[in-house]
Amino acid sequence: MTGPGPLVRLHGASFGYSDLPVVSGVDLELHSGEVVALLGPNGSGKSTLVRGILGLSAQQGGEVELFGTPRERFTEHTRIGYVPQRHSLSSSVRATVTEIVEVGRLPHRPWWRPASRADRAIVSEAIADVGLTDRAAAEVAALSGGQQRRVLIARALAGRPELLVMDEPTAGVDSANQEALADVLHRLADRGTSMLIVTHELAALEAVVSRIVCLDSGHVDFDGDPAAYAAHVGGHSAGSGHHHDERSPRSGHVLGAAPLDPGPREVSS
Amino acid sequence: MNDLLALDFMRQALLAALLAGFAAPLVGVFLVQRRMSLIGDGMGHVALAGVAVGVLTNSAPVLTALVAAVLAAVAIELIRASGRTSGDTALAVMFYGGIALGVVLIARSSAGTPATLTSYLFGAILTTTTADIIVFGVLAAVVLATTLVLRPRFFAVANDEEYARALGMPVLGYNVVLAVLTAVTVVVSMRIVGLLLISALMILPNATSQLFARSFRSALWWAVAIGVGCSVGGVVVSYFAETPSGGTIVLLAVGAFLVASVGAALATRARRAVHARSERHDHEHGPGCGHPAVEHGDHVDYLHDGHRHAAHEEHYDEHGQHAEVEPR
Numbered sequence: 000m001t002g003p004g005p006l007v008r009l010h011g012a013s014f015g016y017s018d019l020p021v022v023s024g025v026d027l028e029l030h031s032g033e034v035v036a037l038l039g040p041n042g043s044g045k046s047t048l049v050r051g052i053l054g055l056s057a058q059q060g061g062e063v064e065l066f067g068t069p070r071e072r073f074t075e076h077t078r079i080g081y082v083p084q085r086h087s088l089s090s091s092v093r094a095t096v097t098e099i100v101e102v103g104r105l106p107h108r109p110w111w112r113p114a115s116r117a118d119r120a121i122v123s124e125a126i127a128d129v130g131l132t133d134r135a136a137a138e139v140a141a142l143s144g145g146q147q148r149r150v151l152i153a154r155a156l157a158g159r160p161e162l163l164v165m166d167e168p169t170a171g172v173d174s175a176n177q178e179a180l181a182d183v184l185h186r187l188a189d190r191g192t193s194m195l196i197v198t199h200e201l202a203a204l205e206a207v208v209s210r211i212v213c214l215d216s217g218h219v220d221f222d223g224d225p226a227a228y229a230a231h232v233g234g235h236s237a238g239s240g241h242h243h244d245e246r247s248p249r250s251g252h253v254l255g256a257a258p259l260d261p262g263p264r265e266v267s268s
Numbered sequence: 000m001n002d003l004l005a006l007d008f009m010r011q012a013l014l015a016a017l018l019a020g021f022a023a024p025l026v027g028v029f030l031v032q033r034r035m036s037l038i039g040d041g042m043g044h045v046a047l048a049g050v051a052v053g054v055l056t057n058s059a060p061v062l063t064a065l066v067a068a069v070l071a072a073v074a075i076e077l078i079r080a081s082g083r084t085s086g087d088t089a090l091a092v093m094f095y096g097g098i099a100l101g102v103v104l105i106a107r108s109s110a111g112t113p114a115t116l117t118s119y120l121f122g123a124i125l126t127t128t129t130a131d132i133i134v135f136g137v138l139a140a141v142v143l144a145t146t147l148v149l150r151p152r153f154f155a156v157a158n159d160e161e162y163a164r165a166l167g168m169p170v171l172g173y174n175v176v177l178a179v180l181t182a183v184t185v186v187v188s189m190r191i192v193g194l195l196l197i198s199a200l201m202i203l204p205n206a207t208s209q210l211f212a213r214s215f216r217s218a219l220w221w222a223v224a225i226g227v228g229c230s231v232g233g234v235v236v237s238y239f240a241e242t243p244s245g246g247t248i249v250l251l252a253v254g255a256f257l258v259a260s261v262g263a264a265l266a267t268r269a270r271r272a273v274h275a276r277s278e279r280h281d282h283e284h285g286p287g288c289g290h291p292a293v294e295h296g297d298h299v300d301y302l303h304d305g306h307r308h309a310a311h312e313e314h315y316d317e318h319g320q321h322a323e324v325e326p327r
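Top line first, the protein sequences correspond to chains H and C.
Numbered according to numbering that gives the first Met the number 0, the first sequence spans residues 0 to 268.
Numbered according to numbering that gives the first Met the number 0, the second sequence spans residues 0 to 327.
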């Protein structure tokens, strides 16, 4: 499916907004089949980094290669599926789940060609993949936050990407939906979909993740497998007051048990 | 009605109303989606300056208005894309400069009278010439064809601009095309509803259909139906009641909105009365969730402790009791 090289290669990359760098000097390679969790405290630059990879925040230095092509010359946008953080969907007009997911198919055909039967089949499949077939004709604004998040995942899947980039897919999602979401990610991982997941809640995704990258103050300060990460955090927790996100790596952590975990049902906006 | 159609100018007026009533809501839905409902108003202001130049130089006001509105449309999108906080003020300067220039130029021209000004501001369908109708017809055809073909892309860009950008779509390009289509629609509709009321025909039918439609597609076609109904109906009413066409059309559109609001409120209340939610649910039903699925009319229910549960919006509805079946 992919060439031998990495899907994403960053070398000394810096990203930010206007003249302000937020992350700098990042070296990172993502390979096919990996499920990478990108951790870090608020403001550490996780979102800026993934948005930089997608070309949504300005690259201020270093090299960024996507599927072996420098980002400025990269045109095969469909190979990366983006799942944004908050639903940035306009809610000023009504739209159904299917109508939103169809958007993910658009870059696969020229502007003048209407959706084919194959396009529609792929859209239904993407909706089934996230377990929303029952609600395919439902209005997106009427769904809960977690269900809306799954709509955004389906939209990305409809593009049949080789790499899924997700920004905080579990943030503010209730426990039933968090389970449903973890199931979805599991199925995708089993199928060999590569993923880069920005997250706060490692516990929810622990079983899916194959590698952990930790960002702090705009720099990578850990990169390794989950076992090494546990040792790394364990080594620090002996009173060093380390800066890692304290909630995420707690062993035996049950969602809904900690004071900051989302309650059993969130209020959707 | 037959003697109405026997009149040449009425036939033209009705045709122009049909074109405007169709095109305006079709373009307007994307303005509503982008929360730019009033932008058509601004373009109308600038178009008046174009009309004035046409009146002053004795050339076709429709064409000069078209040039002015399209230039304004491109400027609006470029100013918005620059993302500067001063952009909003820049738009205000442009819009009010446009309408002020229009008023002053028309007053200075020998051909212009206060009646000329009023006819452009509030619509004067009966003065529409055959040449105008041909121009309107061509412009409306361009707007319809472009909007229908690009509808999925306009939807994508208006719905989630950042995602569209991540997909590599030329977001600014689509926004400029949409703005130009808006400008063309302003000009197509200016003889019928007038430059000051033009936004109403783009926005009100959409606001109305949003009250009851359940998808983007159905809302759009309802809005077009309401737009055509109001503009054609408005022209007919204005003929018999001897009222200005623009104001009559907009009042009909406002009336449709009010009727739909009341209707939607009553329907919601009625639906709530017959609609039972299941008990609170920390579980998402689906294939392989462990609860047997049974067909129920046009949908599938999941049997949960002897009750039928059906997906509705973000929750499950209680669809009554059902004998347990063996789990699959």
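Yeah, the Cβ is synthetic: ideal placement off N, Cα and C, and Gly gets one too.
Own chain, CB closer than 6 Å to residue i, minus 5 neighbours either side, in chain order
i, result
"H/V22", "F14, G44, T47, L48 and G217"
"C/T334", "In the structure displayed, chain C extends from 0 to 327; residue 334 of chain C sits before or after that span and is not available."
"H/H231", "F221"
"C/L171", "A80"
"C/G43", "V185, L194 and I197"
"H/A140", "S90"
"C/A292", "V299 and Y301"
Same chain, Cβ closer than 8 Å to residue i, five either side skipped, listed in chain order
i, result
"H/V208", "V34, V35, A36, I196, L201 and P225"
"C/A206", "V31 and F256"
"C/S244", "A12, A16, G122, A123, I124, L125, I191, V192, G233, V234 and S237"
"C/F211", "W221, A259, G262, A263 and A266"
"H/R134", "V96, L142 and Q146"
"C/G53", "A59, P60, V61, L62, T63 and A64"
One or two residues paired with residue i in a DSSP bridge
i, result
"C/R307", "C/L302"
"H/M194", "H/V34 and H/L163"
"H/I211", "H/A36 and H/G223"
"H/V63", "H/L9"
"H/T95", "H/E138"
"C/Y162", "Answer by DSSP bridge pairing: none, since C/Y162 is not bridged."
"H/F14", "H/V22 and H/Q58"
"H/H310", "Any answer about residue 310 of chain H is impossible in this case: the structure gives chain H only from 0 up to 268."
Where residue i sits in the DSSP three-state scheme
i, result
"H/A278", "The structure shown has nothing for residue 278 of chain H, since chain H only spans 0 to 268."
"C/T88", "helix"
"C/A292", "strand"
"H/I79", "strand"
"H/D133", "helix"
"C/I191", "coil"
"C/R33", "coil"
"H/H107", "helix"
"C/H321", "coil"
"C/P243", "coil"
"C/A274", "The question names Ala, yet the displayed sequence has His at residue 274 of chain C. Here C/H274 sits in coil by DSSP."
"C/T146", "helix"
"H/E28", "strand"
"C/T184", "helix"
"H/P113", "coil"
"C/L200", "helix"
"H/P69", "strand"
"C/H314", "strand"
"H/V172", "coil"
"C/R10", "helix"
Burial state of residue i (16 or more Cβ within 10 Å)
i, result
"C/T129", "exposed"
"H/E206", "This sequence places Ala at residue 206 of chain H; Glu is not what is there. Exposed, by the Cβ-count rule."
"C/P24", "buried"
"C/L149", "buried"
"H/S56", "buried"
"C/V273", "exposed"
"C/D87", "exposed"
"C/A166", "In the sequence under discussion, the amino acid at residue 166 of chain C is Leu, which differs from the Ala named in the question. The residue in question, C/L166, is buried, as its Cβ has 16 or more Cβ neighbours within 10 Å."
"C/Q320", "exposed"
Cβ-based neighbour list, residue i, same chain, cut-off 7 Å, excluding 5 preceding and 5 following
i, result
"H/V100", "V122, A125, I126, V150, A153, R154 and A157"
"C/F135", "A15, L18 and V187"
"C/A68", "M42, V45, A46, G49, A182, V185 and V186"
"H/P106", "H76, T77 and G158"
Report yes or no: do three or more beta-carbon pairs, one from the stretch 80–98 of chain H and one from the stretch 157–168 of chain C, lie closer than 8 Å?
-> A contact exists between the stretch 80–98 of chain H and the stretch 157–168 of chain C.
Hey, is the stretch 148–158 of chain H in contact with the stretch 123–140 of chain H, meaning 3+ C-beta pairs nearer than 8 Å?
-> The answer is yes - the stretch 123–140 of chain H touches the stretch 148–158 of chain H, with three or more Cβ pairs under 8 Å.
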